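Below: one structure, written as structure tokens.
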Amino acid sequence: MRKYGGEAQGDVVISWENEADLLEPVSGRGLASTRWGGSASSFRVWHIGRFSDPANLGLRHPFVWSAELTALPMNTLLLAGTSALVVVFSLVWRRYLAMRREAFIRHAELPKGLFERLQKRHPNLTTKECQLVAHGLRQFFLAHLQSGRKFVSMPSQVVDDLWHEFILYTKNYDAFCRQAFGRFLHHTPAVVLGRAQRGNAGLRRCWWYVCKEENINPRAASRLPLLFALDTKLAIPGGFRYVPDCRSVRREGGDASGGAVYCGGEFSDASIDGSVDGFGDGHGDASSADGSGGSGSDGCGGGGCGGGD
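So in the working numbering, spot 200 of the sequence shown is number 643, and the numbers just go up one at a time.
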């Protein structure tokens, strides 16, 4: 690179490796053009600006009488193009992978005998009702996937029971998780909205994505999504009771097993724990190591279970 200082008109910047690196000399007053030149080892793109010799340098070669010359090595151009292709391919691949995983979660066949195990816990459930519970479990898995595999809390006792039974099919559950999420989905203790901020964030995140799944406005729900309605719909003893509108409910004390009623509108209420982490697309992140290990045991405590990192 050679640079010659100029006067008020500006600097003269000349960059070349040798004179043979240009296809042709450039001459003529007031010229502005682009020329390609170079050899196999040093290919360059030259932009020739206004023809002038402001420093009165008496340059010998017509092609150097230029106010500005900018050179871009071919490897830089190739690198930029390759990087752009990589970014585009990555975005397309991630979208394809997400769609494939969503389709798998929606349609994957559950292990034979799973509903019979659930009916031992809940003898009053019919096969059709077990299928409804399975749909709720799929909603929960989709919420975990669509949130970017963040922590989500389980809001339904009967769906939680089906999840536990699924885990007992160790190989089936592991294979399901690998194909649905790319990794094993562990369980961690979770509760209804309370003082535990991580559990609260998981519930808010779950509410947000299952509402979106059913085209419900999560900020002003007019009805409950299936996952949050199942315990009441199926009259599950000790289940989690939710209503969409808090204005019509006077909240009682105690936990879900004590008959408390919980409101969908509370998920956007920061007065519960001082935040609304987990509520909203891309807002809040309750992700952290769950410490439950990789075994098939559920590792759950009272008040239900949650899943995710």
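Just so it is clear, CB atoms sit at the ideal spot from N, CA and C, and this is done for glycine as well.
These numbers come from a predicted model, not from an experiment.
DSSP places S596 in the strand class (E or B) of the three-state scheme. Here the C-alpha atom of R537 lies approximately 10 Å from the C-alpha atom of V531. For V704, the pairing in a beta bridge is given by DSSP as R684.
For D688, the closest of I659, G682, L677 and L553 by C-alpha to C-alpha distance is I659. By the neighbour-count definition (other C-beta atoms within 10 Å, threshold 16), G645 is a buried residue. Going by beta carbons, L585 and E545 fall inside the 8 Å limit. For E572, the enclosing alpha helix (DSSP H) starts and ends at T570 to Q589. Going by DSSP, E709 is part of no alpha helix (DSSP H) at all; its letter is neither H nor E.
Remark: three or more beta-carbon pairs, one from each stretch, lie closer than 8 Å, so the segment 567-580 and the segment 665-683 are flagged as touching. In the displayed model, H630 falls within a strand according to three-state DSSP. Taken in chain order, the complete alpha helix (DSSP H) segments of 4 residues or longer contained in the segment 599-679 are 600-611, 613-624, 640-656 and 669-676.
Relative to S599, the option among V635, R592 and G524 whose CA is nearest is V635. Where R560 is concerned, the enclosing alpha helix (DSSP H) starts and stops at L557 to R564. Of the residues N615, G591, F710 and R564, the one whose Cα lies closest to the Cα of D604 is R564. In the assembly as shown, S596 is a buried residue. Its beta-carbon has 16 or more other beta-carbons within 10 Å. Under the three-state reduction of DSSP, A527 is assigned to helix.
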